[in-house]
DNA sequence: CCCTCCATATCGTCG
DNA sequence: CGACGATGTGGAGGG
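Chains as they are written, first to last, in full-length UniProt numbering: chain A, 1 to 253; chain B, 1 to 253.
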């Protein structure tokens, strides 16, 4: 298959192929060719979808858009929602066959064992896309930006704060920023890029507990949660456990 | 626009339309018509993608598959990954225009203010899909299934356990299952459909703390985490805080 | 592989 | 609309 110069790979001339309402055999061949050529393949039509693996589900017949990616990912989209109604993660093996008057798309993987079966009873469109993508996306406004902001200007946390380490390991996990205040007290900082709820307080609490246990300096250990804002319940939890909050956005606007 | 019987809505005859390498004007008209008809619209081609809102990002030129859904969702997919490289949630307004020799797709919403701009410099395919979908998916193996399993046979948790309430409210949030053991002690149960880490222990801990504060029965209150399995660190946390663990799958296989 | 945690998480539910 | 927690979360980074 690797060195085969079969007709399929020779006939690949265009980056895009589109077939409307193809016969089952034509649809199967087009999908098969697309998979072999590592193209992105889409199939639109009326189908049922069955999944079994970490959980199990069945979706009765309806019109859906199916996408098979060359990295093994599979996505089944309805007309609504950002999330696919069914899917398969990258690393799966795609297969196509015709059975019982339908085009059947399989995506399977092991560890964990999962199988997605899309049975397309009416194939309305098959497309293949040969893609090239440098794929360099850069996101701004993330937790790393918030961390860098504080490292560049530690006074944003509070005057006299000195960062000593990031991702410092504790028995409870890695602390976002570890440092000392102007009185020489150890400071544990947990960063969140957006408004925080109870979970974030629990996280900070675990780090403070673990470090105070390690350092035997309970009274001299401060825990500070840094985020744009905090919910009422989270603020109450912070007060209960003598933890502090500093309001700060990931970017300076 | 609502009662206009313009040519666009009259010419809608097929559930699927496909255009390969259309002119910019043709592409714009096809997308516009698809949006007006509440069809699912896909555009494939070489494009740049800019996002600004909760964060900000820019994606340089490359081949991508763009999906505009009638509910306002937008998805930009590359050849790799299950997740879209850029997106917009449902509720957005889609718009299309031609500018500077490119097909420009806009998706915007407020609260929070977010904008996605896809600039397609080479339009290789435009498709529209008129979809109907009963959309009834039922997933088995969820946390609700685990809860129902225990409610039907409380001895799965432990002999003599009596469930008294689900989603019982506490100052820290709702407890999954609230009940009593055979010795009359109050039991707080937190359910997880899969292997649990430290976060789940923190959650259970918050509920137990809140209830013990409420009921003034510190010694008589048990907290039990129910999940298929538990990580080492989470098990250690459970022991530290005198919480218990019961191994149970969401379904009986 | 497993563990841990971030995410423009998304999604549903409830107040 | 905000808060809160589940999700077949997905994805990255480290051991």
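Yeah, the Cβ is synthetic: ideal placement off N, Cα and C, and Gly gets one too.
Residue-chain proximity (residue i, chain A), Cβ-Cβ < 7 Å
i: residue 40 (chain B); result: yes
i: residue 78 (chain B); result: yes
i: residue 134 (chain B); result: yes
i: residue 102 (chain B); result: no
i: residue 184 (chain B); result: no
Listed by chain order, chain B residues near residue i by CB distance under 8 Å
i: residue 142 (chain A); result: 55
i: residue 35 (chain A); result: Going along chain B, no residue has its Cβ under 8 Å from residue 35 (chain A), so there is no contact; the nearest lies around 13 Å.
Listed by chain order, chain A residues near residue i by CB distance under 9 Å
i: residue 161 (chain B); result: Near residue 161 (chain B) there are no residues of chain A at all, since even the closest Cβ is about 26 Å away, more than 9 Å.
i: residue 172 (chain B); result: 198, 233 and 237
Any chain B beta carbon closer than 7 Å to residue i
i: residue 11 (chain A); result: Residue placement at residue 11 (chain A) is flagged as unreliable, the pLDDT there being 48, under the threshold of 50; a coordinate-derived value is accordingly withheld.
i: residue 129 (chain A); result: yes
i: residue 190 (chain A); result: no
i: residue 89 (chain A); result: yes
i: residue 31 (chain A); result: no
i: residue 5 (chain A); result: Low confidence applies here, because residue 5 (chain A) scores a pLDDT of 41, under 50, leaving its location unreliable and the question unanswered by this model.
i: residue 85 (chain A); result: yes
i: residue 63 (chain A); result: yes
i: residue 73 (chain A); result: yes
i: residue 124 (chain A); result: yes
i: residue 223 (chain A); result: no
i: residue 202 (chain A); result: yes
Contact check, residue i vs residue j, beta carbons under 7 Å
i: residue 234 (chain B); j: residue 201 (chain B); result: yes
i: residue 142 (chain A); j: residue 193 (chain A); result: yes
i: residue 98 (chain A); j: residue 19 (chain A); result: no
i: residue 53 (chain B); j: residue 112 (chain B); result: yes
i: residue 283 (chain B); j: residue 28 (chain B); result: Residue 283 (chain B) lies beyond the range of chain B shown here (1 to 253); nothing can be said about it.
i: residue 61 (chain A); j: residue 46 (chain A); result: yes
i: residue 263 (chain A); j: residue 120 (chain A); result: Any question about residue 263 (chain A) goes unanswered here, given that chain A covers just 1 to 253.
i: residue 172 (chain B); j: residue 210 (chain B); result: yes
i: residue 35 (chain B); j: residue 94 (chain B); result: yes
i: residue 255 (chain A); j: residue 49 (chain A); result: Only positions 1 to 253 of chain A appear in the structure, and residue 255 (chain A) is not among them; the question remains open.
i: residue 22 (chain A); j: residue 130 (chain A); result: no
i: residue 207 (chain B); j: residue 246 (chain B); result: no
i: residue 91 (chain A); j: residue 64 (chain A); result: no
Residue i, buried or exposed, once every other Cβ within 10 Å from all chains shown has been counted against 16
i: residue 155 (chain A); result: exposed
i: residue 190 (chain A); result: buried
i: residue 17 (chain A); result: buried
i: residue 185 (chain A); result: exposed
i: residue 287 (chain A); result: Nothing can be reported for residue 287 (chain A): it is not among the residues displayed for chain A, which extend from 1 to 253.
i: residue 107 (chain A); result: buried
i: residue 44 (chain A); result: buried
i: residue 240 (chain A); result: exposed
i: residue 225 (chain A); result: buried
i: residue 223 (chain B); result: buried
i: residue 216 (chain B); result: exposed
i: residue 73 (chain B); result: buried
i: residue 162 (chain B); result: exposed
i: residue 182 (chain B); result: exposed
i: residue 195 (chain B); result: exposed
i: residue 160 (chain A); result: exposed
As assigned by DSSP and simplified to three states, the class of residue i
i: residue 145 (chain A); result: helix
i: residue 134 (chain B); result: coil
i: residue 91 (chain B); result: coil
i: residue 163 (chain A); result: strand
i: residue 158 (chain B); result: coil
i: residue 26 (chain A); result: helix
i: residue 197 (chain B); result: coil
i: residue 106 (chain A); result: strand
i: residue 55 (chain A); result: coil
i: residue 208 (chain B); result: helix
i: residue 233 (chain B); result: helix
i: residue 240 (chain A); result: helix
i: residue 249 (chain A); result: coil
i: residue 223 (chain A); result: strand
i: residue 214 (chain B); result: helix
i: residue 38 (chain B); result: coil
i: residue 185 (chain B); result: coil
i: residue 85 (chain A); result: coil
i: residue 101 (chain A); result: coil
Interface residues of chain A facing residue i [CB-CB closer than 8 Å]
i: residue 44 (chain B); result: 16, 127 and 129
i: residue 206 (chain B); result: 198, 202 and 237
Chain-ordered neighbours of residue i on chain B, where CB pairs are closer than 7 Å
i: residue 69 (chain A); result: 79 and 80
i: residue 58 (chain A); result: 138
Partner residues on chain A for residue i, Cβ-Cβ distance less than 7 Å
i: residue 20 (chain B); result: 16 and 18
i: residue 214 (chain B); result: Going along chain A, no residue has its Cβ under 7 Å from residue 214 (chain B), so there is no contact; the nearest lies around 14 Å.
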